[in-house]
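Read the structure below first, then the notes.
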Amino acid sequence: MNSVLFGKRLGTLAWVTAGFLVAAMLLVFFYAPEDADQGFRQKIFYVHVPMAIVTLCGFIAAGIFAIKHLRTGDRSWDVRSYVAIHLSIMLGVGVLLTGAIWAKTAWGHWWVWDEPVLVSYLIVFLLYCCYQPLRFSIADPERQSRYASVFAITAGAFVPLNFVAVRLAEQYTHPRVLSETGGDMPGDMRLTFFVCIAAMALLFTTLWKLELTNKNTAQQLKRLRQRLEAQV
Amino acid sequence: MLVIAEGGDYVAAAYIVFVTLIVVYIAIIASKLSRMEKELETLNELVDKRGTK
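Okay, structure coming up:
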């Protein structure tokens, strides 16, 4: 892990992310029109849906990093996978909370149990909540990273399968956003939505790189301390 | 007087959840950074000890 510098271009990325977040908020509140059906409360869509999409992509990315770890044996890929899952779980909490708030204001209920999109997302979220207990229940670092990678690949494969299963199911209460028949957003709403997705993806990448840099620095400090203590 | 659009309190709550999550996450990273700073200080002391020997 020593040879990889995760903090490279982190400052630039952070500034670009800040720019996109500001642009997204301006578009959401001053450019995008109010929804004819839901009115102002539909603005929750611009934070809830991009966060959900980015979270699921984060889980899939973690699976891809885990494959690279198992193929190369390079522990830095395992750390990438671990941080992606960690960050996705954190944003997943946000997805569930903002979704519940939106459901309450739009449907009058905090949660609808017979809606496949909500329940399947909850299942995916709970599945990934098992990742950290599993990982840290194994003492041997080599085995820990290998088992964690197998988990990340298996669970990561489940995410797109889950998406397909939901698409094949009958449409209930939850609207489909990115589909051929659903999601008839006007151009200004669509533009705002895509800027929000870009902002959320950039935010995820920035925080991911920040945590990786942090972990790498801590690891290097630990090694340096061990070397110095051995010499004193 | 500030007029809040219908459902505005829910919209505010959703965006506050998002901002809170990010702020909490950054606070956790900041606390780790502060621990690393202390660790660096200890390492500097170790190097100084070596220099005086």
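Protein chains in written order, with this note's numbering: chain A, 1 to 232; chain B, 233 to 285.
Think of the CB as a built atom: it goes at the ideal place given N, C-alpha and C, for glycine as much as any other residue.
8 Å Cβ cutoff, residue i in contact with chain A
i        : result
Glu238/B : yes
Lys264/B : yes
Glu271/B : yes
Leu275/B : yes
Val243/B : yes
Val279/B : yes
Val249/B : yes
Ala259/B : no
Reference residue i; option with closest CA among the options
i        : options                                : result
Val95/A  : Lys209/A, Thr213/A, Cys130/A, Tyr46/A  : Tyr46/A
Tyr242/B : Thr72/A, His86/A, Leu97/A, Lys68/A     : Leu97/A
Gln42/A  : Ser81/A, Lys104/A, Val119/A            : Lys104/A
Ala106/A : Lys215/A, Ala36/A, Gly11/A             : Ala36/A
Thr252/B : Ile85/A, Met90/A, Cys130/A             : Met90/A
Ser120/A : Ala152/A, Tyr131/A, Leu161/A           : Leu161/A
Met189/A : Gly63/A, Cys130/A, Gly19/A, Tyr31/A    : Tyr31/A
Glu115/A : Gly187/A, Leu13/A, Phe40/A, Ala165/A   : Ala165/A
Phe20/A  : Leu207/A, Ser88/A, Ala199/A            : Ala199/A
Ala100/A : Val93/A, Trp111/A, Pro133/A            : Trp111/A
Val22/A  : Leu224/A, Leu210/A, Leu202/A, Gln132/A : Leu202/A
Leu127/A : Gly156/A, Gln38/A, Ala66/A             : Gly156/A
Leu228/A : Val279/B, Ala259/B, Ile254/B           : Val279/B
Arg185/A : Glu34/A, Ala139/A, Trp77/A, Arg71/A    : Residue 185/A is actually Met in this sequence, not Arg. For the residues Glu34/A, Ala139/A, Trp77/A, Arg71/A, the minimum Cα distance to Met185/A belongs to Glu34/A.
Glu142/A : Trp102/A, Gly187/A, Ser76/A, Gln226/A  : Ser76/A
Backbone secondary structure at residue i - three-state DSSP
i        : result
Gly39/A  : strand
Asp140/A : coil
Pro50/A  : helix
Val112/A : coil
Glu273/B : helix
Gly240/B : helix
Ala6/A   : One detail in the question is off: residue 6/A reads as Phe in this sequence, not Ala. Here Phe6/A sits in coil by DSSP.
Cys130/A : coil
Ala32/A  : coil
Gly73/A  : coil
Met25/A  : helix
Met185/A : coil
Residue i CB to nearest heavy atom of the ligand FMN below 7 Å
i        : result
Asp140/A : No copy of the ligand FMN occurs in the structure displayed, which carries no ligand at all.
Below-8 Å beta-carbon distance, residue i vs any chain B residue
i        : result
Thr105/A : yes
Gln226/A : no
Phe125/A : no
Gln219/A : no
Phe40/A  : yes
Met90/A  : yes
Gly94/A  : yes
Lys209/A : no
Gly182/A : In this predicted model, Gly182/A has a pLDDT of only 47, less than 50, meaning its place in the structure is not dependable; the value taken from the coordinates is given anyway. No, Gly182/A lies away from the interface with chain B (no Cβ there is under 8 Å from its Cβ).
Thr98/A  : yes
Ile101/A : yes
Ile53/A  : no
His109/A : no
Val117/A : no
Glu229/A : yes
Val234/A : Any answer about residue 234/A is impossible in this case: the structure gives chain A only from 1 up to 232.
Lys8/A   : no
Asn214/A : yes
Ile44/A  : yes
Val16/A  : no
Distance between beta carbons of residue j and residue i, contact taken as under 8 Å
i        : j        : result
Gly58/A  : Phe163/A : With a Cβ gap of about 14 Å, Gly58/A and Phe163/A do not count as contacting.
Val124/A : Ile60/A  : With a Cβ gap of about 11 Å, Val124/A and Ile60/A do not count as contacting.
Leu168/A : Phe6/A   : The pair is not a contact, with the Cβ atoms about 39 Å apart (cut-off 8 Å).
Phe40/A  : Gly240/B : 6 Å
Ala152/A : Gly63/A  : 5 Å
Thr17/A  : Thr206/A : 5 Å
Tyr131/A : Ile85/A  : 5 Å
Ile258/B : Asn214/A : Actually they are not in contact, since the Cβ atoms of Ile258/B and Asn214/A sit about 11 Å apart, beyond 8 Å.
Arg282/B : Gln226/A : The pair is not a contact, with the Cβ atoms about 14 Å apart (cut-off 8 Å).
Discussion item. Quick check: the region 26-46 of chain A against the region 193-208 of chain A, are at least 3 beta-carbon pairs closer than 8 Å?
Written reply: yes
Worksheet item: Okay, do the region 144-152 of chain A and the region 79-92 of chain A touch, 3+ Cβ pairs below 8 Å being the bar?
Response: yes
Discussion item. When you compare the region 214-227 of chain A with the region 268-278 of chain B, are there three or more beta-carbon pairs, one atom per stretch, that lie closer than 8 Å?
Written reply: yes
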